[in-house]
């Protein structure tokens, strides 16, 4: 299955896909590519809302934020709640969960850019919840909690980059 088909399955929040990608050790590089593409699209989309400086912050926070968010989820999910997973599995599933960020590019559209960007953010948060639930084999409520903890840390990092 090519990367484009994997992205489509990730976008559809296909739980079976996240189970498959969790185990596919060859897909970590593809997950990184998805994060880079999503970061570029997010950055470009932010230029329509926050200006050019946001484009750089979008790319940097996309890539570094992916690792930070994955690490936070690993620490909370595996170390605190004792679910079984490893950082590689989380990087793969969460990398593909970042797929909706490609639509953040539409943030450039005047008057609707902010709404589109918000919808995109909610979409990838939902994808992260699915990815966390499948990676950690936990209940949806716990996946929501763990994902939100990572989301808060990620957005604090992202806002800090915009302020620098």
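Numbering (the numbering used here), first residue to last: 301 to 464.
Just so you know, even glycine gets a beta-carbon here, dropped at the ideal spot from N, CA and C.
Remember, it's a predicted structure, so these values are computed and weren't measured experimentally.
Own chain, CB closer than 8 Å to residue i, minus 5 neighbours either side, in chain order
i: residue 324; result: 392
i: residue 378; result: 384, 385, 386, 436
i: residue 457; result: 361, 364, 365, 368
Residue i vs residue j beta-carbon contact at 7 Å
i: residue 450; j: residue 373; result: yes
i: residue 334; j: residue 403; result: no
i: residue 343; j: residue 358; result: yes
i: residue 424; j: residue 398; result: yes
i: residue 443; j: residue 318; result: no
Inter-residue spacing [alpha-carbon to alpha-carbon] between residue i and residue j
i: residue 383; j: residue 429; result: 15 Å
i: residue 303; j: residue 310; result: 10 Å
i: residue 426; j: residue 313; result: 8 Å
i: residue 356; j: residue 301; result: 31 Å
i: residue 354; j: residue 433; result: 31 Å
i: residue 438; j: residue 315; result: 13 Å
Simplified DSSP state of residue i, which is helix, strand or coil
i: residue 381; result: coil
i: residue 318; result: helix
i: residue 312; result: coil
Nearest residue (CA-CA) to residue i, options the options
i: residue 400; options: 447, 460, 422, 454; result: 422
i: residue 352; options: 440, 407, 331, 433; result: 407
i: residue 341; options: 442, 322, 417; result: 417
i: residue 381; options: 412, 445, 409; result: 445
i: residue 405; options: 326, 350, 315; result: 350
i: residue 409; options: 443, 339, 346, 375; result: 346
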